[in-house]
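Undergrad: Chains A and B supply the protein sequences, listed in that same order.
Heads up, the final residue of the first sequence is numbered 1120 in this note's numbering, and it's a clean run with no missing numbers.
Heads up, the final residue of the second sequence is numbered 1120 in this note's numbering, and it's a clean run with no missing numbers.
Even for Gly, the Cβ is constructed at its ideal location relative to N, Cα and C.
Number of protein chains: 2
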Amino acid sequence: MQLADQGDFPDYVIAPDPGAARLTRAVEGVDQHGRVTAISVVEERPLTIFLNGQEIVTAMTIGDYPEYLALGFLRNQGMLRNGEVVKGIDYDEDLETVVVRTDGQTSYEEKLKKKTRTSGCAVGTVFGDMMEGLEDVRLPDLTVKTSDLYALAHAINRTPSLYLEAGAIHGTVLCQGARPLVYMEDVGRHNAVDKIAGWMLSEQVSATDKLLYTTGRLTSEMVIKTALMGIPALASRSGFTAWGVEIAREVGLTLIGRMRGKRFMCLSGEDRLLRDADPDAVQDEDRKHRRRSAAL
Amino acid sequence: MQLADQGDFPDYVIAPDPGAARLTRAVEGVDQHGRVTAISVVEERPLTIFLNGQEIVTAMTIGDYPEYLALGFLRNQGMLRNGEVVKGIDYDEDLETVVVRTDGQTSYEEKLKKKTRTSGCAVGTVFGDMMEGLEDVRLPDLTVKTSDLYALAHAINRTPSLYLEAGAIHGTVLCQGARPLVYMEDVGRHNAVDKIAGWMLSEQVSATDKLLYTTGRLTSEMVIKTALMGIPALASRSGFTAWGVEIAREVGLTLIGRMRGKRFMCLSGEDRLLRDADPDAVQDEDRKHRRRSAAL
Chain A
825 MQLADQGDFP
835 DYVIAPDPGA
845 ARLTRAVEGV
855 DQHGRVTAIS
865 VVEERPLTIF
875 LNGQEIVTAM
885 TIGDYPEYLA
895 LGFLRNQGML
905 RNGEVVKGID
915 YDEDLETVVV
925 RTDGQTSYEE
935 KLKKKTRTSG
945 CAVGTVFGDM
955 MEGLEDVRLP
965 DLTVKTSDLY
975 ALAHAINRTP
985 SLYLEAGAIH
995 GTVLCQGARP
1005 LVYMEDVGRH
1015 NAVDKIAGWM
1025 LSEQVSATDK
1035 LLYTTGRLTS
1045 EMVIKTALMG
1055 IPALASRSGF
1065 TAWGVEIARE
1075 VGLTLIGRMR
1085 GKRFMCLSGE
1095 DRLLRDADPD
1105 AVQDEDRKHR
1115 RRSAAL
Chain B
825 MQLADQGDFP
835 DYVIAPDPGA
845 ARLTRAVEGV
855 DQHGRVTAIS
865 VVEERPLTIF
875 LNGQEIVTAM
885 TIGDYPEYLA
895 LGFLRNQGML
905 RNGEVVKGID
915 YDEDLETVVV
925 RTDGQTSYEE
935 KLKKKTRTSG
945 CAVGTVFGDM
955 MEGLEDVRLP
965 DLTVKTSDLY
975 ALAHAINRTP
985 SLYLEAGAIH
995 GTVLCQGARP
1005 LVYMEDVGRH
1015 NAVDKIAGWM
1025 LSEQVSATDK
1035 LLYTTGRLTS
1045 EMVIKTALMG
1055 IPALASRSGF
1065 TAWGVEIARE
1075 VGLTLIGRMR
1085 GKRFMCLSGE
1095 DRLLRDADPD
1105 AVQDEDRKHR
1115 RRSAAL
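(1) Answer yes or no: do B:Pro984 and B:Asp835 have a C-beta to C-beta separation smaller than 9 Å?
(2) Can you tell me whether DSSP reads A:Met903 as helix, strand or coil?
(3) Between which residues of its own chain and A:Asp1100 is the CB-CB distance below 8 Å, once the five residues before and five after are set aside?
(4) For B:Pro890, does the three-state DSSP call read helix, strand or coil?
(5) Where B:Gly1081 and A:Gln929 are concerned, what is the direct C-alpha to C-alpha distance, given to the nearest angstrom?
(6) CA-CA distance, A:Arg1069 and A:Leu1091?
(7) Spell out the partners DSSP gives A:His994 in its beta bridges.
(8) I'd like the list of long-range same chain contacts for A:Glu920, defined as Cβ closer than 7 Å, with 5 residues on each side in sequence excluded.
(9) Between the segment 1048-1059 of chain A and the segment 1013-1031 of chain A, do three or more beta carbon pairs fall short of 8 Å?
(10) In this structure, does DSSP put A:Thr1043 in helix, strand or coil?
(11) Are the CB atoms of B:Leu1035 and B:Leu1098 within a distance shorter than 9 Å?
(12) Quick one: is B:Ala1105 buried, meaning 16 or more other Cβ sit within 10 Å of its Cβ, or exposed?
(13) Since A:Ser1026 contacts A:Tyr915 with CB under 8 Å, what's their CB separation in whole angstroms?
(14) Where does the unbroken beta strand (DSSP E) through A:Asp914 begin, and where does it stop?
(15) Please identify the residue among B:Phe897, B:His857, B:Ile1071 whose C-alpha is closest to the C-alpha of B:Ala1021.
(16) Does the beta-carbon of B:His857 have 16 or more other beta-carbons within 10 angstroms, so that it is buried, or is it exposed?
(17) With which residues is A:Ser864 paired in a DSSP beta bridge?
(18) Taking C-beta pairs closer than 7 Å, name the residues in chain A that B:Gln1121 reaches, listed in chain order.
(19) Residue range of the beta strand (DSSP E) that A:Leu875 falls in?
(20) By the 10 Å Cβ neighbour count, where 16 or more other Cβ atoms means buried, how is B:Pro840 classified, buried or exposed?
(21) For a contact meaning CB atoms closer than 7 Å, what does B:Phe1064 contact in chain A?
(22) Provide the residue span of the alpha helix (DSSP H) that contains A:Ile1071, from first to last.
(23) On the premise that A:Ala845 lies in contact with A:Glu852, defined as a C-beta separation below 8 Å, what is that separation, rounded to the nearest angstrom?
(24) If we define contact as Cβ-Cβ less than 9 Å, is A:Glu1094 a contact residue for chain B?
(25) On the three-state DSSP scale, how would you describe A:Glu1109?
(26) Once the 5 residues before and after A:Val1017 are set aside, which same chain residues still bring their CB inside 6 Å of it?
(27) Taking 6 Å as the limit between beta carbons, can you name the residues of its chain near B:Val881, skipping five residues before and five after?
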């Protein structure tokens, strides 16, 4: 893997690029005192994803890494299964489309045709399909050190990002031990995860020793996605839902929520947590790097 | 309209019901010191929405007001248009389904059939359809007083809610002047808005003098929904995207973002804002009622 030059953060394979002209725009607003102010605001663009000749969905995205987003979306929705060969991915910036081409028709297209014949449309099947794959998931036993958790949160919060630049955006980071590898941001929290899934699939990166860190809530959908990606640990600054916790326990996913400063809550996989750090020795978050809810 | 008994908040037509047994569950976690802690956590359930015989989508929801959610979802997606008569709504708690029945086939089903014949599925059309209706939107000129904005934010933040009880949930409130009328919460921020749309449709409530307050970000989708509902003002504690601001300006929606304590930013409709309150006389939010990003 080639390492990008990230100044103080030389270890990222992909880091946010808050300076990229295409991702933010100056917008004028008027504040509570009537003062006109220019604010840096994130962009949001439609991207229509096709699987071969089949239009699948229009996602709203900041627009970086459209190929990874399309590939990861199709994979995470179960529309691309193991063994299906991706021949090419064509992104058209003007048309705002991305087409993922496979070798022959995919099993999803086959399934979609069948479903279409019976009930007219497959919108409602997406969720059902995601739960389907879950029973076969056996996540590897990964020891998660609390010292690594604290180091990751500290590094991620300080990494220059679109969030720090403009707010109103979610971040998701693929990590290995104490090292954040790939940090993706997007207006939808699922897009950020899908971009990571697309990158992992493209680069054939193993999931077994990875942890996924997200700024978003740990809902059932987020837990299912992580488990289907084969990643054995998921940590977040935010809260969680009851069903998210239940699914994590069923599939053996280590689940950490409400992680901020020295505090965190382990909801699943407590026995795989190695408590090698003294929480009282951990610095609380300083004001500048604390995430405001404005961002989420 | 019948007023519910809300103690200190007698003016709500519908207020959150944080004590409802079905909406939260005690979940055990282990904190940073290894202490086992029981936490109140929001539930999340699948709800499959049908339009007549047509399965449309499976939404993840806390599960209150399934009828309003289904009705509002179909309306906000353009699947139920003006003049279409809803004969009945059948909710089945065990099957986790809700069926909205109209008088005869809807124009959406007609359209879906056509679309299905040409490209196999209509997943990707939903977004296109939402933008389609937008060119006809002419929002009424509503004067928004800053004193009302401050009063609303203060009242809403202090209203007993699932958020204050369990976190990890979005809130959306339909307001009139300084009065919050209907306060819906849900795991998905769009569900909360859809439940309000369903209530407005059921009760035939006019949108022309209303303001929508949300805890979530002001993305294009949120702005489009509000405009299509005919509501002339939208305010949020959170940030905004460039396209959300652009659409608000095009349709004449008054858009207020980053509203917390005395601070706010008006992004669109500044000329319809009546600045009748001195921001420096407004109290900042106290710690207890400040939303943490954990919620969002």
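TA: Answer, in terms of the structure:
(1) Numbered from 1 along the second sequence, position 160 holds the residue referred to as residue 984 of chain B. Numbered from 1 along the second sequence, position 11 holds the residue referred to as residue 835 of chain B. Cβ distance not < 9 Å, so B:Pro984 and B:Asp835 don't count as in contact.
(2) Here residue 903 of chain A is taken as the residue at index 79 of the first sequence, counted from 1. Residue state, collapsed to three classes: coil.
(3) Walking along the first sequence from the start, residue 1100 of chain A turns up at place 276. Within the same chain, A:Asp1100 has close Cβ partners Lys969, Thr970, Ser971.
(4) As a position in the second sequence, residue 890 of chain B is number 66, starting the count at 1. If DSSP states are grouped into helix, strand and coil, B:Pro890 belongs with the helices.
(5) Position 257 of the second sequence holds residue 1081 of chain B. Position 105 of the first sequence holds residue 929 of chain A. B:Gly1081 and A:Gln929: Cα-Cα distance of roughly 46 Å.
(6) Taking the first sequence and counting its residues from 1, one reaches residue 1069 of chain A at position 245. Taking the first sequence and counting its residues from 1, one reaches residue 1091 of chain A at position 267. Just to set this straight, residue 1069 of chain A is Val in the shown sequence, not Arg. When rounded, the distance between both Cα atoms is 6 Å.
(7) On the first sequence, residue 994 of chain A is found 170 positions in, with the first residue counted as 1. Bridge partners of A:His994: A:Asp1010.
(8) As a working note, residue 920 of chain A is residue 96 in the first sequence. Within the same chain, A:Glu920 has close Cβ partners Arg869, Pro870, Leu871, Thr872.
(9) yes
(10) Within the first sequence, the letter at position 219 stands for residue 1043 of chain A. Three-state DSSP puts A:Thr1043 in coil, outside helix and strand.
(11) Taking the first residue of the second sequence as 1, we reach residue 1098 of chain B at position 274. Taking the first residue of the second sequence as 1, we reach residue 1035 of chain B at position 211. No.
(12) Translated into the one-based positions of the second sequence, residue 1105 of chain B becomes position 281. Exposed, because fewer than 16 other Cβ atoms sit within 10 Å of the Cβ of B:Ala1105.
(13) The residue given as residue 1026 of chain A occupies position 202 in the first sequence. The residue given as residue 915 of chain A occupies position 91 in the first sequence. The pair is not a contact, with the Cβ atoms about 13 Å apart (cut-off 8 Å).
(14) As a working note, residue 914 of chain A is residue 90 in the first sequence. Unbroken beta strand (DSSP E) run through A:Asp914: 910-916.
(15) For the purposes of this step, residue 1021 of chain B is identified with residue 197 of the second sequence, where counting begins at 1. If we check each option's Cα against that of B:Ala1021, B:Phe897 comes out closest.
(16) As a position in the second sequence, residue 857 of chain B is number 33, starting the count at 1. Exposed.
(17) As a working mapping, residue 864 of chain A is identified with position 40 in the first sequence. Answer by DSSP bridge pairing, in chain order: A:Ala850.
(18) Because chain B in this structure spans residues 825 to 1120, residue 1121 of chain B falls outside the shown range and cannot be described.
(19) Against the first sequence, residue 875 of chain A aligns to sequence position 51. Segment 869-875, the beta strand (DSSP E) holding A:Leu875.
(20) Stepping through the second sequence from its first residue, residue 840 of chain B is reached at position 16. Buried, because 16 or more other Cβ atoms sit within 10 Å of the Cβ of B:Pro840.
(21) The residue given as residue 1064 of chain B occupies position 240 in the second sequence. Those are Val865, Ala992, listed as they occur along chain A.
(22) Within the first sequence, residue 1071 of chain A is the residue found at index 247, counting from 1. Taken as a continuous stretch (DSSP letters only), the alpha helix (DSSP H) holding A:Ile1071 covers 1066-1075.
(23) Taking the first residue of the first sequence as 1, we reach residue 852 of chain A at position 28. Taking the first residue of the first sequence as 1, we reach residue 845 of chain A at position 21. In fact, because the Cβ distance is near 18 Å, the residues do not count as touching under 8 Å.
(24) Indexing the first sequence from 1 puts residue 1094 of chain A at position 270. It does; some Cβ of chain B falls within 9 Å.
(25) Taking the first residue of the first sequence as position 1, residue 1109 of chain A is located at position 285. Three-state DSSP puts A:Glu1109 in coil, outside helix and strand.
(26) Position 193 of the first sequence, counted from the first residue, corresponds to residue 1017 of chain A. Only Thr996, Lys1049 meet the Cβ criterion.
(27) Position 57 of the second sequence, counted from the start, is the residue given in the question as residue 881 of chain B. Excluding residues within five positions, the ones whose Cβ falls inside 6 Å are Ile873.
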